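Each step along the sequence shown adds one to the number in my numbering, with nothing skipped, and position 164 is 514. Each remark here refers to the structure printed beneath this line.
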Amino acid sequence: MGAAKSNPLAITAKGPGRFDSAYQAEVEADLGLHHSVAFERVTGWPVHGTYVGDEAIRFHNEDGHVSVFDVRGIMTAAQHGDSVIQPLVMRGNWPRSAVSPDGHLAIGCTCMGEEGIAEARIALDEDRLARAQAAIRANKVYLNLTPTRAEPRFSASALRRYAFGQCVVFAEALARVRDLTPVAMLPTGIADWAHIEPDQMQHSAVLHPDGELEDVWGKAPAARIAARYGITQWNLSEDAHRAMIDDGIAHRPEVIDEINAAELVIRAQAGAMAD
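And the structure:
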């Protein structure tokens with residue numbers, strides 16, 4: 351299993367962990383919709399949807415690191431983009447509404463969760479979901495390669511809001527609730543695929559006494575969180591986080607309300623876990 355963990359795609363796409371061809375064909379026929387919702391129900395990893403303009407072209411699941419869970423295998427986001435998404439995008443004949451003002455296709459991937467599927471009013475068939483859950487549970491090799499999603503498990507809407515744009519707000523709120531130290535992860539090195547400079551990216555989280563960090567995706571080694579954003583080298587700074595909070599409040603007093611709202615989300619999730 352060690353080789354599979356270093357290259358999961360090899361074993362799940364061609365080895366004993368692959369889903370059978372008939373099931374794969376059924377999943378491909380509905381863009382992965384029922385499989386991804388069933389996978390979320392089984393594992394907790396949320397459904398993600400890739401869209402071109404307003405049209406969904408693929409549903410899959412992702413963890414808080416760099417792994418994508420697709421009926422074709424477990425792979426990195428880059429592998430999934432190259433082997434699954436790109437061929438779908440290259441089919442051509444997209445309407446003008448799918449083209450952005452700069453002339454490029456408007457392609458985006460969003461964390462939806464089953465809640466987002468319902469909000470988008472995408473119909474689900476419970477019989478198909480039951481069959482999909484049975485197929486997923488029967489694939490022990492695939493499930494053994496799938497990491498367990500830790501608690502607390504915040505909703506997809508919280509992941510969308512706090513994993514990127516409002517990570518600083520979430521870290522500040524989490525620090526208050528847990529009595530931990532909020533820190534900014536300041537990149538000094540960025541992976542080529544991120545297509546940004548180190549000074550264009552920073553991420554906030556809370557620092558645990560054991561050296562691990564925690565953000566909306568949960569507690570993890572700093573390297574695991576950094577990899578999600580393409581950060582290859584970094585420094586942690588409590589002062590930088592504090593400066594961002596102070597500057598944010600100075601320019602946008604509503605940041606105080608946003609911190610309070612994040613704190614309510616965190617406390618509500620803790621209460622749900624306790625029930």
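Cβ atoms here follow ideal geometry from the backbone N, Cα and C, with glycine treated the same way. Everything numeric in this text was worked out from a predicted model, so none of it was measured.
Under 8 Å between C-beta atoms of residue 509 and residue 566: With a cutoff of 8 Å on beta-carbon distance, residue 509 and residue 566 are scored as near each other.
Touch test, the stretch 374–384 against the stretch 404–416, Cβ-Cβ under 8 Å, three pairs minimum: yes
4 or more residues per run - each alpha helix (DSSP H) lying fully within the stretch 429–456: Runs found: 436–439.
Neighbourhood of residue 519 by C-beta, 6 Å cutoff - its chain only, sequence neighbours within 5 removed: 608, 609 and 612
Selection from 429, 536 and 424 that minimises the alpha carbon distance to residue 492: 424
Alpha helix (DSSP H) segments (min. 4 residues) lying fully within the stretch 502–590: 506–512, 517–528 and 572–578
Rounded straight-line distance, which links the Cα of residue 500 to that of residue 367: 23 Å
Simplified DSSP state of residue 415, which is helix, strand or coil: In the three-state DSSP reduction, residue 415 falls in the coil class, being neither helix nor strand.
Whole-angstrom distance between residue 570 and residue 560, CA atom to CA atom: 10 Å
CB-CB length for residue 421 against residue 369, believed under 8 Å: 5 Å
Option nearest residue 470 by Cα separation, candidates 394, 398 and 544: 398
Three-state secondary structure (DSSP) of residue 426: strand
Contact test: residue 582 Cβ vs the ligand PLP heavy atom, cutoff 7 Å: What this structure holds is no ligand at all, so the ligand PLP is not there to describe.
Same chain only: Cβ atoms within 7 Å of residue 623, ignoring 5 sequence neighbours per side: 501 and 502
Burial state of residue 413 (16 or more Cβ within 10 Å): buried
C-beta contact flag for residue 522 and residue 537 at 8 Å: no
Same chain, Cβ closer than 7 Å to residue 574, neighbours up to 5 away in sequence not counted: 415
Stretch-stretch touch, CB-based, cutoff 8 Å, three pairs: the stretch 448–461 with the stretch 385–394: no
Three-way DSSP call (helix, strand, coil) for residue 409 in this model: strand
Bridge partners - residue 420, DSSP secondary structure assignment: 423
Check whether residue 527 and residue 616 have beta carbons under 8 Å apart: Against a cut-off of 8 Å, the Cβ pair of residue 616 and residue 527 comes out as a contact.
Between the CA atoms of residue 452 and residue 402 - distance to the nearest angstrom: 15 Å
Proximity below 8 Å, CB of residue 627 to CB of residue 466: Residue 627 is absent from the model: the chain starts at 351 and stops at 625.
8 Å contact criterion, which residue 552 and residue 535 should meet: CB distance rounded: 6 Å
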